[in-house]
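S.K.:
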Amino acid sequence: MATDTLKSKPGAQGGATGGLRRLLLDNGALTALIVLVIAMSALSGDFLTADNLLNVGVQAAVTAILAFGVTFVIVSAGIDLSVGSVAALSATVLAWSATEAGIPVALAVVLAVLTGIVCGLVNGFLVSYGKLPPFIATLAMLSVARGLSLVISQGSPIAFPDSVSHLGDTLGGWLPVPVLVMVVMGLLTAFVLGRTYIGRSMYAIGGNEEAARLSGLRVKKQKLAIYAFSGLFAAAAGIVLASRLASAQPQAAQGYELDAIAAVVIGGASLAGGTGKASGTLIGALILAVLRNGLNLLSVSAFWQQVVIGVVIALAVLFDTVRRKAGATAPAAGASGGDKGKQALTYVIAAVVAVAVVGATSLLHGGSSQAAKPKIGLSLSTLNNPFFVQIRDGAEEEAKKLGVDLTVTDAQNDASQQANQLQNFTSGSLDAVVVNPVDSDAAGPSVRGANKADIPVVAVDRGVNKADTSALVASDNVEGGALGAKALAEKLGGKGTIVILQGQAGTSASRERGAGFAEGLKDYPGIKVVAKQPADFDRTKGLDVMTNLLQAHPDIDGVFAENDEMALGAIKALGSKAGKSVQVVGFDGTPDGLKAVQAGTLYASVAQQPSELGRIAVRNALRAAEDEKVEKMVKVPVKVVTKENVAGFEG
Numbered sequence: 253m254a255t256d257t258l259k260s261k262p263g264a265q266g267g268a269t270g271g272l273r274r275l276l277l278d279n280g281a282l283t284a285l286i287v288l289v290i291a292m293s294a295l296s297g298d299f300l301t302a303d304n305l306l307n308v309g310v311q312a313a314v315t316a317i318l319a320f321g322v323t324f325v326i327v328s329a330g331i332d333l334s335v336g337s338v339a340a341l342s343a344t345v346l347a348w349s350a351t352e353a354g355i356p357v358a359l360a361v362v363l364a365v366l367t368g369i370v371c372g373l374v375n376g377f378l379v380s381y382g383k384l385p386p387f388i389a390t391l392a393m394l395s396v397a398r399g400l401s402l403v404i405s406q407g408s409p410i411a412f413p414d415s416v417s418h419l420g421d422t423l424g425g426w427l428p429v430p431v432l433v434m435v436v437m438g439l440l441t442a443f444v445l446g447r448t449y450i451g452r453s454m455y456a457i458g459g460n461e462e463a464a465r466l467s468g469l470r471v472k473k474q475k476l477a478i479y480a481f482s483g484l485f486a487a488a489a490g491i492v493l494a495s496r497l498a499s500a501q502p503q504a505a506q507g508y509e510l511d512a513i514a515a516v517v518i519g520g521a522s523l524a525g526g527t528g529k530a531s532g533t534l535i536g537a538l539i540l541a542v543l544r545n546g547l548n549l550l551s552v553s554a555f556w557q558q559v560v561i562g563v564v565i566a567l568a569v570l571f572d573t574v575r576r577k578a579g580a581t582a583p584a585a586g587a588s589g590g591d592k593g594k595q596a597l598t599y600v601i602a603a604v605v606a607v608a609v610v611g612a613t614s615l616l617h618g619g620s621s622q623a624a625k626p627k628i629g630l631s632l633s634t635l636n637n638p639f640f641v642q643i644r645d646g647a648e649e650e651a652k653k654l655g656v657d658l659t660v661t662d663a664q665n666d667a668s669q670q671a672n673q674l675q676n677f678t679s680g681s682l683d684a685v686v687v688n689p690v691d692s693d694a695a696g697p698s699v700r701g702a703n704k705a706d707i708p709v710v711a712v713d714r715g716v717n718k719a720d721t722s723a724l725v726a727s728d729n730v731e732g733g734a735l736g737a738k739a740l741a742e743k744l745g746g747k748g749t750i751v752i753l754q755g756q757a758g759t760s761a762s763r764e765r766g767a768g769f770a771e772g773l774k775d776y777p778g779i780k781v782v783a784k785q786p787a788d789f790d791r792t793k794g795l796d797v798m799t800n801l802l803q804a805h806p807d808i809d810g811v812f813a814e815n816d817e818m819a820l821g822a823i824k825a826l827g828s829k830a831g832k833s834v835q836v837v838g839f840d841g842t843p844d845g846l847k848a849v850q851a852g853t854l855y856a857s858v859a860q861q862p863s864e865l866g867r868i869a870v871r872n873a874l875r876a877a878e879d880e881k882v883e884k885m886v887k888v889p890v891k892v893v894t895k896e897n898v899a900g901f902e903g
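Residue numbers are given in the working numbering: position 519 of the sequence shown equals residue 771, and the series is strictly consecutive.
#1: Count the other CB atoms within 10 Å of the CB of Met885; is the residue buried (16 or more) or exposed (fewer)?
#2: Beta-carbon separation of Arg791 and Glu817 under 9 Å?
#3: What is the DSSP secondary structure of Ile355, counted as helix, strand or coil?
#4: Could you tell me which of Thr367, Thr283, Asp807, Val893 sits nearest to Leu735, measuring between CA atoms?
#5: In whole angstroms, give me the CA-to-CA distance for Lys887 and Gly297.
#6: Is Ala411 helix, strand or coil by DSSP?
#7: What are the boundary residues of the beta strand (DSSP E) that Val892 is part of?
#8: Across which residues does DSSP place Pro786 in a beta bridge pair?
#9: Pull up the CB-CB distance for Val416 and Ile317, whole angstroms please, since I reckon it's below 8 Å.
#10: Around the Cβ of Thr533, are there at least 16 other Cβ atoms within 10 angstroms (buried) or fewer (exposed)?
#11: Tell me the DSSP secondary structure of Gly425 in three-state form.
#12: Taking C-beta to C-beta, are Leu476 and Gly321 nearer than 9 Å?
#13: Can you round the beta-carbon distance between Gly483 and Val338 to whole angstroms, since I take them to be within the 8 Å contact cut?
#14: So, do the region 651 to 670 and the region 630 to 638 have three or more beta carbon pairs nearer to each other than 8 Å?
#15: Does the beta-carbon of Thr659 have 16 or more other beta-carbons within 10 angstroms, so that it is buried, or is it exposed?
#16: Go through the region 836 to 869 residue by residue and report every complete run of the beta strand (DSSP E) that reaches 3 residues or more, in order.
#17: Under 9 Å, do Val797 and Leu826 count as touching if we go by C-beta distance?
#18: Provide the residue span of the alpha helix (DSSP H) that contains Val516, from first to last.
#19: Specify the secondary structure class of Val898 as computed by DSSP and reduced to three states.
#20: Would you mind giving the Cβ-Cβ distance between Ala705 and Gly733, rounded to the nearest angstrom? I have them listed as a contact below 8 Å.
#21: Give the secondary structure of Ile384 by DSSP, where H, G and I count as helix, E and B as strand, and everything else as coil.
#22: Would DSSP call Lys473 helix, strand or coil?
#23: Write down every uninterrupted run of the alpha helix (DSSP H) in the region 628 to 703 whose length is 4 residues or greater and which is fully enclosed by it, in chain order.
#24: Could you check which residue in Ala294, Phe299, Met292, Val289 has the C-alpha nearest to that of Gly680?
#25: Can you give the Cα-Cα distance for Val834 and Asp809, rounded to whole angstroms?
#26: Have a look at Cys371 and Gln406 and give me their C-alpha separation to the nearest angstrom.
#27: Excluding the five sequence neighbours on either side, which residues of its own chain have a C-beta within less than 6 Å of the C-beta of Lys553, listed in chain order?
#28: Going by beta-carbon coordinates alone, are Val685 and Val710 separated by less than 9 Å?
#29: Hey, which unbroken runs of the alpha helix (DSSP H) at 4 residues or more fall wholly within the region 323 to 349?
#30: Apart from the five residues on each side of it in sequence, which residues of its chain come closer than 7 Å, Cβ to Cβ, to Phe412?
#31: Let's test the definition: count the other Cβ atoms within 10 Å of the Cβ of Ala651 and tell me whether it reaches 16, buried, or not, exposed.
#32: Is it a yes or a no for the region 328 to 336 touching the region 382 to 395, going by three-plus beta-carbon pairs under 8 Å?
#33: Under 7 Å Cβ to Cβ from Ser692, same chain only, skipping five residues before and after it: list those, please.
#34: Can you check whether the CB of Asn545 is closer than 9 Å to the CB of Met292?
#35: Compute the distance between the beta-carbons of Gln673 and Asn872, then report whether it is under 9 Å.
#36: Within 10 angstroms of its Cβ, does Glu462 collect 16 or more other Cβ (buried), or is it exposed?
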């Protein structure tokens, strides 16, 4: 799907039909963006509003800034898989320097930018002088940068300086600063690629590296600069992202490198190198943002959204192949004024067509009446965990019972993705929002946006900091952790050695459960914790981590896992020891966890009744939407479920 990256061979097609076909082929990404905007406008009356279009721009900003940096690398026939991790590391360095180390904010920003550049230089050195394939070099940096981010932050979010957090705000109360930063970085990318020596070098290296070297280009030094540019743009993206979330998240931007590469490819760049434009990359990022925004507004399942995005990326590459077979060729460096004028005219015509069609489409929604059903949005931190699936099931059951139209989204444990989803809810004419935050601090800015729009928000399982919520429906994770400590310690007779499997670093659930367990264990000095390792709330990782820990600590007496999934993985690793010589305590009371309790392999689970959490959250959200009185704090009791009482337990 190329945009202004290729031009047709003379005489390749004839007549008006051939000209139209060539126009569509050479501007495929732009055509796709226009079609998407028109389709979303037709399908959702909430899409074509000023607030929502600004939301799309904000949501595209971080991906676009990352993608601009990746464009340099891909044009030169390289790849950079590290940009997401480098973005998180740069933001963490800034937040830690300005808060923990007491460094002036201006200097902290410089350090963050230098961090990104240094990471890029290391990538460039490994590729140029170390002769490592770009895939391997940047894959290594992906791991190193993410690890350093976790080391510096100790796995917990760090509050962002207020003076820098303004980058996530708006100018004049309506123009988002992230959009302005995206535009500036896009113009800088276009200037570097089209007007500088290093930009021309990128095209030369990507077209034929050996020919570029023989023509006198210092290819190795040029690659150092190219990857340094990518690191610089990653640092800028990380700062903008952290500003939106008002905190530096050590797990932020996970997987964003794939979105950045997808945006570049959708925009018409070739992974073989030699082609690519800033305008195409911007359009690619906007396509991804429009897709996600529109699919949220249309209540499309989060799982199907991933399928759609993958299909779009595959079609983009397929379209590029079709275009090349149709006879398109790369433009010469320094395109003529006539070519640029033709490209500008294409964009103007496209804009006019889009405005006309979208304007006409919006009339279809202008006279429509509001749906009779109340509309509530539910943003869950993840649906890759039985506990949160049960919250969803309980919420959907209650919504059906009350006649509520419920839209469910999956943040996939990504605070920035959840911020986007909450913004979409705010612009989607919802009556209320229920949020299960990935992180309590990071959800704050988006919930404040809902507050300004007079949309009541109910938090479930975890609270939201620095924002108003109509109610918090939750179990007490700290209390649950303490109950887990008591249950395990008493089962072991008050003495023994144990290991702890921690949840995903940086999440409030992991911090609170761990803190409660540590506090509860103080009453049992005979219990010694010999190891703590994160297993990310995942059963497979729980199996692997427990297997490794058993090599160093084969004679442990107990295991505390911060959720049932990790506990079930640990049981698998323990084999016949589970429930006999080694006692395991989990957390959540999931169906599989309760089956293990009944079987005797899991001694206990601290059950939170997740289905009840979902039901109560929807019930209170509807009351808040109808201006009825709602309790600010609704506690759902936690309960230690063992083999003795599991039969009568209802989750």
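Note that the Cβ used here is the ideal one computed from N, Cα and C, for glycine as well.
M.R.: In terms of the structure at hand:
#1: exposed
#2: yes
#3: The DSSP-derived three-state label of Ile355 is coil.
#4: Val893
#5: When the Cα atoms are used, Lys887 and Gly297 turn out to be separated by approximately 37 Å.
#6: strand
#7: 891 to 894
#8: Gln754
#9: Going by Cβ atoms, the distance from Val416 to Ile317 rounds to 15 Å, so no, they are not a contact pair.
#10: buried
#11: Looking at Gly425 - three-state DSSP - the assignment turns out to be coil, as it is neither helix nor strand.
#12: Result no, Cβ atoms of Leu476 and Gly321 do not sit closer than 9 Å.
#13: 6 Å
#14: At 8 Å Cβ cutoff, the stretches touch.
#15: Looking at its Cβ environment, which holds 16 or more other Cβ atoms inside 10 Å, Thr659 is buried.
#16: 856 to 859
#17: Cβ distance not < 9 Å, so Val797 and Leu826 don't count as in contact.
#18: 508 to 518
#19: helix
#20: Not a contact, Cβ separation roughly 36 Å.
#21: Strictly speaking, residue 384 in this sequence is Leu, with Ile absent from that position. In this structure, Leu384 counts as coil in the three-state DSSP scheme.
#22: helix
#23: Within the region 628 to 703, the complete alpha helix (DSSP H) runs of at least 4 residues are 638 to 654, 667 to 678.
#24: Phe299
#25: 5 Å
#26: 20 Å
#27: According to the sequence as given, residue 553 is Ser; it is not Lys. Excluding sequence neighbours, Ser553 sits near nothing in its chain.
#28: yes
#29: none
#30: Ala347, Ala494, Ser495, Ala498, Ser499, Ala500
#31: buried
#32: yes
#33: Excluding residues within five positions, the ones whose Cβ falls inside 7 Å are Arg714, Gly715, Val716, Asn717, Ser760.
#34: yes
#35: No.
#36: exposed
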